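*Asks:* Encoded as structure tokens, here's the structure I'll be asking about.
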Amino acid sequence: MKAVRTISRKYYIRQSVSIFMICCMFFNLPVVLATPQGATQVGGTAVGGITVGDTTTVDMGNSNKAIINWNSIDTSSSQILQFLKAGGDFAVLNRVLSGNATQFDGSLFGNQGSIFIVNTHGIVFGPTAVIQARNFAASGLDMANQDFMNDIYKFSGGNGLVANYGNIAADKVALIGKQVFNAGTIQSRGGLVIMAAGDRVFLREQGSNVLVEVDGIKAPADHIDGVPDIASDVLNEGTIEAAAGNIVLAAGDVFSRAIENVGTLAASGGTISASAARVGQFGTVNVDAIQGSGGNVNLTATEVAVLGTDSITTANAGVNGDGGNIIVYSPDTAIFRDGAIVEAKGGSQS
Numbered sequence: 001m002k003a004v005r006t007i008s009r010k011y012y013i014r015q016s017v018s019i020f021m022i023c024c025m026f027f028n029l030p031v032v033l034a035t036p037q038g039a040t041q042v043g044g045t046a047v048g049g050i051t052v053g054d055t056t057t058v059d060m061g062n063s064n065k066a067i068i069n070w071n072s073i074d075t076s077s078s079q080i081l082q083f084l085k086a087g088g089d090f091a092v093l094n095r096v097l098s099g100n101a102t103q104f105d106g107s108l109f110g111n112q113g114s115i116f117i118v119n120t121h122g123i124v125f126g127p128t129a130v131i132q133a134r135n136f137a138a139s140g141l142d143m144a145n146q147d148f149m150n151d152i153y154k155f156s157g158g159n160g161l162v163a164n165y166g167n168i169a170a171d172k173v174a175l176i177g178k179q180v181f182n183a184g185t186i187q188s189r190g191g192l193v194i195m196a197a198g199d200r201v202f203l204r205e206q207g208s209n210v211l212v213e214v215d216g217i218k219a220p221a222d223h224i225d226g227v228p229d230i231a232s233d234v235l236n237e238g239t240i241e242a243a244a245g246n247i248v249l250a251a252g253d254v255f256s257r258a259i260e261n262v263g264t265l266a267a268s269g270g271t272i273s274a275s276a277a278r279v280g281q282f283g284t285v286n287v288d289a290i291q292g293s294g295g296n297v298n299l300t301a302t303e304v305a306v307l308g309t310d311s312i313t314t315a316n317a318g319v320n321g322d323g324g325n326i327i328v329y330s331p332d333t334a335i336f337r338d339g340a341i342v343e344a345k346g347g348s349q350s
């Protein structure tokens, strides 16, 4: 598992905008800056209008659901992509057809909308990216128009990696792709964060539960300049919070692919689960309750499950309540390294 943990934490920026502009002027080349381009609505009820610029605005008008194809939604750190509607919920599927990975360094404001971004060549949210919406999903796998219109969340086709170095805040957050990487911050107000990697990913609700079905991976994701190659299918190096909710990490188990946490996963009184061929917990997993009983941790691997040295996995109760449940299971090999901390304590008044 040590080889799986090897990854550069540095985010590479190949050249600054200022140097780029100087070179363009010196050599009399055209200056091209990141700006959303080429928006065409291809499905749903007609939106009120789309204005493209440093602040790109999609006016939803009376539309509750729309599908928009873009040539690009790349943004620089000062640019904004916003979706506006005067009251009411809405959903927008944004599909990028440039043939290149999306580099989103700006701000996305989704109002009360559910915002989907799909690019089968990959999506990178840079360190300056800020995402705020009611619900948000970014996928390196495609989504059929008809499935979107019918609220069927199936993702397949494509070879895109999704990487987040920025700040994402929404009620529900889903990052989906051939590989998924978080080195930023994800905050779920509504209590659900999903990181899922596979050839096909299917999300559906069953009662109060959300089911994540993932088919195995037959080939690695496309490489994206500036993003380090990772050995794991799902890797968290950042911070993910879903208060009293669920955090789900899932990957297909073909060719012994892996899930790895070296950052922080926190779901106070909620549930954190990870399922793959190999699952490595080398960071912090915390479902401690503030008042009631502790939550649940389920780390399940078909081959190897590991709690690394200095890892912290806790499901402690608040003042009142019982300790939660921590399950680390593999039918083959489960490893608890020296120094791994595991706690599920009851409250002092329980």
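Heads up: the sequence shown begins at 1 in my numbering, then just goes up one per residue.
Backbone N, C-alpha and C define an ideal beta-carbon position, used for all residues, glycine too.
Since the structure is predicted, the reported quantities are computational estimates derived from the model, not experimental observations.
Taking 7 Å as the cut-off, decide whether the C-beta atoms of A267 and G252 are in contact.
*Replies:* It is not a contact, given that the beta carbons lie outside the stated cut-off.
*Asks:* Looking only at its chain, what residues have a beta carbon closer than 7 Å to the beta carbon of I272, apart from the 5 residues adjacent to it on each side?
*Replies:* Excluding sequence neighbours, I272 sits near I247, L265, V285, V287 and V297.
*Asks:* Do you know whose CA, among Q187, G157 and N159, lies nearest I168's CA?
*Replies:* Residue Q187 is the option with its Cα nearest to I168.
*Asks:* Just list the beta strand (DSSP E) runs in the region 273-299, keeping only unbroken ones of 3 residues or longer that don't cross its boundaries, in chain order.
*Replies:* The region 273-299 contains these whole beta strand (DSSP E) runs: 284-286.
*Asks:* Between A101 and G122, is the Cβ-Cβ spacing less than 7 Å?
*Replies:* Yes, Cβ-Cβ distance for A101 and G122 is below 7 Å.
*Asks:* Rounded to the nearest angstrom, how far is the Cβ of N193 from that of A242, given a contact under 8 Å?
*Replies:* The amino acid at residue 193 is misidentified as Asn; the sequence shows Val. Confirmed, Cβ separation roughly 5 Å.
*Asks:* If you draw a straight line from the C-alpha of A344 to the C-alpha of V279, how long is it?
*Replies:* So the alpha carbons of these two residues sit roughly 20 Å apart.
*Asks:* How big is the Cα-Cα spacing for V306 and A334?
*Replies:* Looking at the two C-alpha atoms, the distance is approximately 6 Å.
*Asks:* In whole angstroms, what is the alpha-carbon distance linking F425 and V173?
*Replies:* Absent from the structure is residue 425, since the part of the chain shown begins at 1 and ends at 350.
*Asks:* Cutting at 6 Å between CB atoms, please list the residues of its own chain near K154, excluding the five before and the five after it.
*Replies:* Correct list, in chain order: D147 and F202.
*Asks:* Return the residue from the list D233, G347 and N94 that minimises the CA-CA distance to N178.
*Replies:* The question names Asn, but residue 178 is Lys in the sequence shown. Per the Cα distances, D233.
*Asks:* Go through the region 140-217 residue by residue and report every complete run of the alpha helix (DSSP H) that reaches 4 residues or more, in order.
*Replies:* If we require 4 residues or more, the alpha helix (DSSP H) runs fully inside the region 140-217 come out as 145-149.
*Asks:* Nearest CA to the CA of S72: which residue from G106, A197, A39 and T57?
*Replies:* Of G106, A197, A39 and T57, the residue nearest in Cα terms is A39.
*Asks:* Run through DSSP, which three-state label would Q37 get?
*Replies:* Three-state DSSP puts Q37 in a strand.
*Asks:* Tell me which same chain residues have a C-beta within less than 6 Å of the C-beta of P67, skipping the five on either side of it?
*Replies:* Contrary to the premise, residue 67 reads as Ile rather than Pro in this sequence. Taken in chain order, the residues that qualify are V42, G43, G44, L93 and N145.
*Asks:* Specify the secondary structure class of L97 as computed by DSSP and reduced to three states.
*Replies:* Three-state result, L97: coil.
*Asks:* The beta strand (DSSP E) spanning A66 covers which residue range?
*Replies:* Segment K65 to W70, the beta strand (DSSP E) holding A66.
*Asks:* Smallest Cα separation from L161: which of R134, F109, L235 and A129?
*Replies:* Out of R134, F109, L235 and A129, L235 has the C-alpha closest to the C-alpha of L161.
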